Structures are given as C-alpha cells and as structure tokens.
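Participant: Numbering-wise (the numbering used here), the first sequence opens with residue 136 and increments by one.
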Amino acid sequence: MSSDYDFKAIEDRWGRFWIDERMWSAPDYPDPAKKRYMVTMFPYPSGDLHMGHVEILSIHDTITRFTRMQGYDVLSPMGWDAFGLPAENAAIKRGINPKTWTYDNIAKHRASMERLGCSFDWDRVFYTCDPRFYKWNQWLFLRLYERGLAYKKAAAANWCPNDKTVLANEQVIAGRCERCGAEVIKRYLEQWFFKITDYADRLIDDLELNTGWTDRLKMLQSNWIGRSTGAEVEFGIDGSDERVTVFTTRPDTLWGATFFVIAPEHPMAEKLVAGTEHEGRLADFRQEVARLTDIDRTSTERPKKGLFLGAHAINPVNDERIPIWVADYVLMDYGTGAIMAVPAHDQRDLAFARANDLPIKTVIEPPGSGSGEHDLHEAYNGEGVMVDSGPFDGTPTDESVTIVTDWLEEQGRGRHAVSFRIRDWLISRQRYWGTPIPILFCDSCGEVAVPEDELPVVLPEDVDFNPTGEASPLATAQEWVNAPCPNCGGRARRETDTMDTFVDSSWYFHRYLDAHNDKAPFDPDRSNVWMPIDQYTGGITHAVMHLIYARFFQKVLMDMGMVDDPEPFPALLNQGHVTMAGKKMAKSTGNIVEPAEAFARYGADAARLYMLFSGPPEQDFDWPAEGVTSIGRVTYPWLQRVWRLCEEQRDVVAIGPLEESALDTALRKQIHRTIEVVSTDYASFSFNTAIARLMELVNSAYRYRAAGGGHPGVTRELIEALLKLLAPMAPYLTEEQWHRLGHEGSIHLEAWPVFDEALTVRAEVTMIVQVNGRVRDTLEVPADITEAEMQDLALASEKVQAHTGGRPPDRVIARPPKLLSLVVHP
RNA sequence: GCCCCCGUAUCCCAAUCGGUAGAGGAAGGGCACUUAAAAUGCCCACAGUGUGGGUUCGAAUCCCACCGGGGGCACCA
136 MSSDYDFKAI EDRWGRFWID ERMWSAPDYP DPAKKRYMVT MFPYPSGDLH
186 MGHVEILSIH DTITRFTRMQ GYDVLSPMGW DAFGLPAENA AIKRGINPKT
236 WTYDNIAKHR ASMERLGCSF DWDRVFYTCD PRFYKWNQWL FLRLYERGLA
286 YKKAAAANWC PNDKTVLANE QVIAGRCERC GAEVIKRYLE QWFFKITDYA
336 DRLIDDLELN TGWTDRLKML QSNWIGRSTG AEVEFGIDGS DERVTVFTTR
386 PDTLWGATFF VIAPEHPMAE KLVAGTEHEG RLADFRQEVA RLTDIDRTST
436 ERPKKGLFLG AHAINPVNDE RIPIWVADYV LMDYGTGAIM AVPAHDQRDL
486 AFARANDLPI KTVIEPPGSG SGEHDLHEAY NGEGVMVDSG PFDGTPTDES
536 VTIVTDWLEE QGRGRHAVSF RIRDWLISRQ RYWGTPIPIL FCDSCGEVAV
586 PEDELPVVLP EDVDFNPTGE ASPLATAQEW VNAPCPNCGG RARRETDTMD
636 TFVDSSWYFH RYLDAHNDKA PFDPDRSNVW MPIDQYTGGI THAVMHLIYA
686 RFFQKVLMDM GMVDDPEPFP ALLNQGHVTM AGKKMAKSTG NIVEPAEAFA
736 RYGADAARLY MLFSGPPEQD FDWPAEGVTS IGRVTYPWLQ RVWRLCEEQR
786 DVVAIGPLEE SALDTALRKQ IHRTIEVVST DYASFSFNTA IARLMELVNS
836 AYRYRAAGGG HPGVTRELIE ALLKLLAPMA PYLTEEQWHR LGHEGSIHLE
886 AWPVFDEALT VRAEVTMIVQ VNGRVRDTLE VPADITEAEM QDLALASEKV
936 QAHTGGRPPD RVIARPPKLL SLVVHP
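#1: Using the beta-carbon count (16 or more within 10 Å), is D196 buried or exposed?
#2: Under the rule that 16 or more other beta-carbon atoms within 10 Å means buried, what is T800, buried or exposed?
#3: By Cβ distance below 7 Å, which residues in the same chain neighbour A217 in space, the five residues on each side in sequence not counted?
#4: Measuring only the C-alpha atoms, how far is A446 from G361?
#5: Less than 7 Å separating the beta-carbons of T676 and R564?
#6: Assign K288 to buried or exposed, taking buried as 16 or more other Cβ atoms, counted over all protein chains shown, within 10 Å of its Cβ.
#7: Within 10 Å of its beta-carbon, does N293 have 16 or more other beta-carbons around it, so buried, or fewer, so exposed?
#8: Please state the DSSP three-state secondary structure of A731.
#9: Give the secondary structure of G187 by DSSP, where H, G and I count as helix, E and B as strand, and everything else as coil.
#10: Starting from C577, trace the beta strand (DSSP E) in both directions and tell me its first and last residue.
#11: Who pairs with Q294 in a beta bridge, going by DSSP?
#12: The beta strand (DSSP E) spanning M715 covers which residue range?
#13: How would you label A246, buried or exposed, when you count the other beta carbons within 10 angstroms and need 16 or more for buried?
#14: What distance in whole Å lies between the Cβ atoms of N516 and C580, which are believed to be in contact at a cut-off of 8 Å?
#15: Quick check on the DSSP output: the beta strand (DSSP E) that includes Y172 runs from which residue to which?
#16: If you reduce the DSSP assignment to three classes, tell me which class A862 lands in.
#17: Buried or exposed for T411, please, with buried defined as at least 16 other CB atoms from any protein chain shown within 10 angstroms of its CB.
#18: Helix, strand or coil for E146 per DSSP?
#19: Go through its chain and collect everything with a Cβ distance to A144's Cβ below 7 Å, but skip five positions before and after it.
#20: Where DSSP assigns a beta bridge to Q926, which residues make up the other side?
#21: Starting from Y643, trace the alpha helix (DSSP H) both ways and give me its first and last residue.
#22: Keeping to the same chain, check which residues put their C-beta closer than 8 Å to that of R897; ignore five residues upstream and five downstream.
#23: Could you tell me which residues DSSP puts in a beta bridge with P659?
#24: What three-state label does DSSP hand F268 in the structure shown?
#25: Measure from the alpha carbon of Y745 to the alpha carbon of each residue in L192, G182, S160, then state which is nearest.
#26: According to the Cβ coordinates, are A825 and Y817 closer than 7 Å?
#27: With three or more C-beta pairs closer than 8 Å as the rule, is the region 289-309 touching the region 679-695?
#28: Leaving out the 5 sequence neighbours to the left and right, which residues in its chain are closer than 7 Å to G519 when beta-carbon positions are compared?
#29: Taking 7 Å as the limit between beta carbons, can you name the residues of its chain near E369, skipping five residues before and five after?
#30: In or out: M354 buried (at least 16 other Cβ within 10 Å) or exposed?
#31: Which of the three DSSP states, helix, strand or coil, is assigned to T497?
#32: On the criterion of 16 or more Cβ atoms from any shown chain inside 10 Å, does E508 qualify as buried, or is it exposed?
#33: Are three or more beta carbon pairs between the region 723-730 and the region 764-773 nearer than 8 Å?
#34: Measure the alpha-carbon distance for N453 versus A392 and round it to whole angstroms.
#35: Quick one: residues in its chain with C-beta nearer than 8 Å to the C-beta of S506, no 5 flanking neighbours on either side, listed in chain order?
#36: Quick one, are the C-beta atoms of M173 and Q670 less than 7 Å apart?
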C-alpha cells in the first residue's frame, strides 16, 4: 500500500526518535584518527531563527551527516552566544527582564533547530549568560591579567552615542557602529584592553597553517593586522635634551626630511609650546581636531591642517635643523605618533609641504633618470638609488633600508622596528548584559583582582538598565558595587564595566568538549583530543572580529599550556548571506523571514533542500519576492516525486534478482556514476549540483519505469543509493523510506555508498573532430582509442574531407579519446 | 583613490587541464490522463558567455582595457 508524503508525521516520529535514542551524542574521548569536530558559529538568540540561520544550519548539518556516514566519530555541538545588547534594549523598551527575554528566545531557537533536523549533541549545550559559563570568562580574564595581557588605560575610545558604550576598533565600520550604524565619536575614557598586539606577529605568521581558509580571508586578516617593517629613529630637539622617536618604513629617505610632524595629542607637543606664544594656538588646534569625527578626519577631500610649534628637531643623520609641526594627518596611536616628513617621497608630506611652503628635497633617484632637480608632480615612492645622502649616495633601494638602519644602530640613533596597524582589543562595555570584569578598586590597595575562589562575580538583578551619562548600568546596583577588599578588608568598589561578548566566542568551542566542568573552563585532555575544529562554518562578517579574537585566545591558551594547537579552526567555510532586496537578512534591521511558515507548508526537508539548492554556499542568496511559495515550486514537489518513486517501487524491491537487461545495466551505470559525482560534490560543498545529479537520477528512474524497467535488484540498488545520497540533506524523508524498505537501524548511521568502478568507466565516448578550430564531425569511438586510429577515422570522414578539401593536415592535435583538431592551411 | 570577487538562456544556476556552451530547477509552450480542472507523467524551445581587443589549432575559462554589480581598505608614516 502506498501512502502520501506526510512530512509532518514523519518529522514528529523521527525527530522524537533521534532525540530519544540520543543518536548524535559523541564520546568524550573519540578515536583520534577518526574524530571530526564540526562546529558552526553559535548564534545570538534575538528571536526565532530566520532563513539566514536556516541556510547556515542546513549547510553545517549536511556536512556533519555526510561526515558521519563516512564512518567518522563526529561531534556537532550547539550553544548560544546569549549576552548582548538586544536583551538589554528589550528590558529598556518593554520592561522585560533580559534573562527571561534571552531564555525565551533560546527555547524558540532550539525548537526550530530541532524541527529543521539538526543533528546536534545537546548533552553539551550551554548559554554564555549562565554564571556557570561566564565564571570561566572571568577566570580567563584573571589569567590574562596575571600575564600582563589584560590592562586598564585611559585612551581615546570609540563611543557609540546610540548604544551608549565604547566599541573595539573591529566594531567600527567606516566610522560607524557595526551594530546600529550610528556615527562613532571619540571619548577619552579609562578602559580595559587585551594585549592582542603582543600576538600580532604570530597572528600573521600562523595564517599559513590555516590551509582550509580562502586566500581572500587570509588577506583580510593580514591587512587588518597590517605589519610594516622599518626603523625607529631618534630625533633630538634643538636647545633641549629631549628626544622624539619616529617610525619610518623608509629610513633611506632620512636625508630628505625637511620638517617634522607630531600628532596633536602627542605629549611632546605640550612640552614644546609651554610658556610660548604657541601654547594657546596648540590648545585651539587640538580642540578643532578633537571635534572631527573619524569620517571627517580621514576624508581625502579635506585638506590637511597643521600648526608650527616654534621648535626645531635635529636630524640625526646630518644634524640639520628642521621645523616641528603638529598636523591632523599624523595619528597618535600608530607608530610613535611622530614622523619625519619627506615631501619628495611621500604624497601626504608633499601635499602638506605645498600647503605650508615647506622645502622639498629629492634623495631617491628613479632608475634611468639623470641627476638634478625634478619638477615634482607627485612624490616618488618607488625604487631607485640614494642621492644627496652623505656616505650612502648610490645605494639602491633593495638594500638601503637595511644598510641605513644598521648604521643608525651603530650610531645609537635608531633601530630596526616593526609597526602594526592592529590596536589592542578594547573589551570594556558600559552595558549590563555581559560578563562582569572581576576587578575591585580599593581605597588603599588600588586595583585588585577578585580571588579565584570568589568567582563567579554574578550579575546583580537590581539595576537601572537605562542610566544617564557614560556609566555602566552596574554602577546603579549600590549593594553589589560596594564590596570588601580581598587584600585589606577595607572599602572597595567593583569594576562596573562588562566584557565584550567576543570574549565568550573566543573560547566557547573548548567548552563544548567539557561542558559540565565546574573546576576549570575545560580539561586540556578532553579539549586536545577533539581540537582543532575540523570544519568550521560561519559568515565572513567575522573576518576581523571573532576570527581574529579566537585565534588570539587560542595562542594565549597555548602559552598557558592548556591547548596544543596553535590554530583553532584550520578549515573554514564562509557561507554567503541570505539577503532580501539586496540587504542582509538580520533581526536588527527587521529584515527577516522566519522558517515557521516553510516548515508548516512544506516541511523541514523541503526547506533545507531549498536553501542548499539555491547556489554555491559561499554565494549570497536573495530570498525570492514570492517568498516560501517558491519552496512549494522547487524542492517540495521533487521530494514528493522521490517519495512516490519509493512508494511505488517497494513491491518490486522485495522480489529476488533476475537477469539484467541492457536497460537495467544502463540504469546501474547511472547509479554508480551518480554515487561517484555526488560524493565529490559533497566533499567540495557543492550541494546545489549534488541535488541536480540526484534529480537527474530520479528522472532516469521514472523513464526506466516508463520504458518497462522493473528489475527488483536494480530497483532496490537505485532506491537505496538515492536515499543514502540524499540522507544528509533531507534526513526525515530518507529515514522514513529507509525503514519502509524494512531496515531496522537509522539510515544516518549507514555507511556512505561506494561506487563500482567497472560501472563508471565508459566503453564508448564521443570524439570531436575539429578542422581549423571548428567542430566538423562527431564520432562514437572506443574509450581506449589511439591517436593513429583517431586520425584515420577523422580523415575517413566525409564531413571532415569537405572542409580539408582532401589535403593532408599541416598539424594534428590529438587529445584521446575525446578530441582531434586538424589544422589545414588554405 | 587603492585592492579583491562576480557578470553564461526570461530568471536561479552548471560546465576537471583551455577541448561539442547546458546538468538541474523556475517561469513559458505542447501532449497524455480527465466531462473539465487540479494533480501526475511525458515532450519542446530558448543564450554563444557584460563590451572591445589579444594569446591559441581551439577561450565562458588565460592576458589587457572598459562597462555594470558586490565587498574590503582608506591619512598606517
């Protein structure tokens, strides 16, 4: 008896079964040779899932199930990145407790994930807002603090006036808040930092260990870290014992320095003008610069502004006196905050020199040009030889940097140096819903770490979520804030900032491996057996945020002896976004489609398949204007077609083998070719083409039947292969049909099908004959044809002769067995 | 301003090494079944690969320029 495709009943039955049987539970200590740790970036629970999540989860779960069927010990965990601003905003706007709001959303997320058929090991689930998790954020913070990698300093920080918190550099996109898009302003505040700059070299050098990353992503990170090598050079101040150090990548242009520029915020600026007529002007200038947003300050149209400070620096290479200026184009937080200006060989210095009538002196001669003065239209920053540079005249650029720097070192005037674009990671947030920073400020002892046995510092409940000014909401929890000093027992106040939520995501993948540990964040033995992550999936949005921070943490953990691997995720698939009308689908913009309707109308398998069929995973996918209906036009009807095929053929399948006809053999060949191709499609994440191949196979199966085919053995082989090949993408339908075939166990624990090579090789192929580059004939030939046979066949062809005019070819290019190209000069 | 990716049929997308431009799907047309329709099954058509050059026996694929779309970086000394 055949029945209809009742996806709802099937999903209920098998969804329950998989969970009851704990089918996806992974061992704590897998066989190291067979382990596969598959992780997808854990989500922030801002409501229900949307189709963007559905795509990510479908891709991840499909890879996971495919890997499992290949016989590996697979671990695919899930948790929630549950701290963050939206929970707090809900509290402010609607008076809902952030914890209630968050846990409600997690419940929705989890229900949708289970309905989608995700094969997660739920035994390991955690929420980062749970004190049992964030206790270990605090513990790790203290370890970093002990190692000098966590420190507090006053600095000009990026302040989002809308979210009322500071942001890390990585969270500022083109001068705007990465979350809300508000224009970021600078505020001078005391903030906590992690010293990621100490790891800058290793973060660049170890990129090459990530063999499963795209070059594009590696380049994004490498650019963000921005290593440049050069020299630090010390300049004296005329009439003073003070020195100012500059960083330059071109110490070979030192002789061309005609002025000296320091950042307006540079402490030396104040010293130089103290008590002079320039003092007031500097103060005015600083205010003017401070008023600028980063967007204004970095605008290329805006002319560079500066101010002469009335003082002079002494160039250490020739003792020349050059004027000291402050200018807005020199940044306090890059290099040393001071530069030597070489207008002949730096475009910015040239523009500034022109605007302020400062001298220009050429010291690098481009190859092939005569000596003498040049009409400078633009600065020359290419290679050449040094001129007007004292003892170094004639030195070519490829060696000059090293030679000059070595010489500076001998003279004690400079040294080799490396400078990075990346800044230390600012982790303080003036928000409530995050991990409290475990530090106290004691009236007599100063900054004191919370002792380990007092962790966790639990978030207080009684707070004003919407405080005025720039203080954290935690400052309003008076009872919580005041605590005794662990050192002296005197009065102390707690740190009221919380941690950036990227701290949580920097190490969460270790926690899955030991999720219930209450003595440590994780046991190194447990972590090391599963780590590193064999396949990580997630959006490219995190290229310079999560993916850099987590690599930094991994290296710190390695230095602490807690992990063995220098890189946490050497293989990474960056899937594209689901967009609507070109804009990324995201809760924050209200631009979302939830999966509930798709599940209700077409079922989870159809929804999964639809997302996988939409194109290559790396590519963005624009959600169709007609909405979920398109699932009902594409993958849902096809699943019904698969279902009918299985139902209608089940009786045939039960009978024993008969003799195989040519029709049967042809189908068997296609089955095995499909196994071959679909397997490689899965391995290269080409799910859209894998589905197309399976559609082809199903089309052939229907034609086979229409042509009178019905061999029981072949039919069974067809259906079992089809179900197995489809199982990772459509887990429910395949499980149901697998059992309907009479199997006891789950199809998802079956071995991946193997193709028979004897059936995939082709005996005959189509040979193309080209004459002067144009196809003139096609012939069916044996696959093992020789070049000579090809040529004989081709020359015997009337169609070919019509184009060669019977003349012997001047040239023959043979690519057996498929192509023969003849060249005949007219 | 600099760098990277992408432009294939009406649409979404395929096309190992450069080797017959088309696998799959949508929409479209037709046939069968039906009193009719839906559903189902079968069949059909459609582009010469954004534009212009170049290399090659042969280019969607490699090179150059331009156009269009997307992304990254943007005073980094």
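Cβ coordinates follow ideal geometry from the N, Cα and C atoms, glycine included.
Note that the coordinates shown come from a computational prediction; the quantities given were computed from them, not determined experimentally.
Facilitator: Quick answer:
#1: buried
#2: exposed
#3: P180, T237, I241, Y262, T263, C264
#4: 33 Å
#5: no
#6: With fewer than 16 other Cβ atoms within 10 Å, it is exposed.
#7: buried
#8: helix
#9: helix
#10: 574-577
#11: For clarity, residue 294 is Trp in the given sequence; the question names Gln instead. Looking at the DSSP assignment, W294 forms a beta bridge with V301, I320.
#12: 713-715
#13: exposed
#14: Not quite, the Cβ-Cβ distance comes to about 53 Å (not below 8 Å), so this is no contact.
#15: 170-175
#16: coil
#17: exposed
#18: helix
#19: Excluding residues within five positions, none has a Cβ falling inside 7 Å.
#20: In DSSP, Q926 forms no bridge with anything.
#21: 643-646
#22: Here the set comprises A918.
#23: Looking at the DSSP assignment, P659 forms no beta bridge with any residue, so it has no partner.
#24: Three-state result, F268: helix.
#25: Considering only alpha carbons, the answer is L192.
#26: yes
#27: yes
#28: I499, E500, P501, P502, T532
#29: R378, T380, P451, R548, G549
#30: exposed
#31: coil
#32: Here E508 scores only 47 on pLDDT, less than 50, and its place in the model should not be relied on; the value that follows carries that caveat. Exposed, because fewer than 16 other Cβ atoms sit within 10 Å of the Cβ of E508.
#33: no
#34: 10 Å
#35: The pLDDT assigned to S506 is 47, lower than 50, so where the model puts this residue is not dependable; a value taken from the coordinates is nonetheless given after this. For S506, where only same-chain residues beyond five positions count, the Cβ hits under 8 Å are E500, V522.
#36: yes
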